[in-house]
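Encoded as structure tokens, the structure appears first; notes follow it.
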Ligand code: THU
């Protein structure tokens, strides 16, 4: 894994350690690199009213948009308990909104610590997206 990707995973790891996941005890962190080079992270935030909980990717995307950025160059997602931690279906859709064909989604292989990398198109084929509403 190159240093830039390792740095992205390090930020995702730090975010996962901040997760608020008292119910599932499944902490997740996500780190987005934007075209400007910024790295923006998020973690899952659960709630006693379970459906009100939010995923790490959703938190990272909200922070990215609040920072004035709307494109994802790459995103790393890690689980503290289980890797690879693939993004849930709703988060694939959230990532797709801000992605293009070159966007990379990185998971960590729990067995050897290496990155597993996919395009968003591979994770969410035939997606419905902004183009459909243009
Ligand atoms: N979770 C995420 O944060 N991202 C995913 O893509 C998968 C699931 C969180 C949601 C919940 O807090 C916990 O993991 C267990 O589902």
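Residue numbers (the working numbering): 798 to 931. Heads up, the beta-carbon is just placed ideally off N, CA and C, and yes, glycines get one too.
Checklist entry - What residues are listed by DSSP as bridge partners for residue 756? => result With the chain running from 798 to 931 in the structure shown, residue 756 is simply not present.
Next on the checklist: Once DSSP output is grouped into helix, strand and coil, what is the label at residue 850?
Outcome noted: Of the three classes helix, strand and coil, the one that applies to residue 850 here is coil, per DSSP.
Checklist entry - Considering residue 894, what are the terminal residues of the alpha helix (DSSP H) in which it resides? => result From DSSP, the alpha helix (DSSP H) with residue 894 extends over 886-894.
Next on the checklist: To the nearest angstrom, how far is the alpha carbon of residue 906 from that of residue 884?
Outcome noted: The alpha-carbon atoms of residue 906 and residue 884 are separated by roughly 14 Å.
Next on the checklist: If I measure Cβ to Cβ from residue 859 and keep anything under 6 Å in the same chain, skipping five residues before and after, which residues do I get?
Outcome noted: Nothing listed; no residue qualifies.
Item to check | Buried or exposed by the 16-neighbour rule on C-beta atoms within 10 Å, applied to residue 895 | outcome: Residue environment: residue 895 is assigned as buried (16 or more neighbouring CB atoms within 10 Å of its CB, all protein chains considered).
Checklist entry - For residue 877, which of helix, strand or coil comes out of DSSP? => result Residue 877 falls in the coil class under three-state DSSP.
Next on the checklist: Buried or exposed for residue 923, going by 16 or more other Cβ atoms inside 10 Å?
Outcome noted: In the assembly as shown, residue 923 is an exposed residue. Its beta-carbon has fewer than 16 other beta-carbons within 10 Å.
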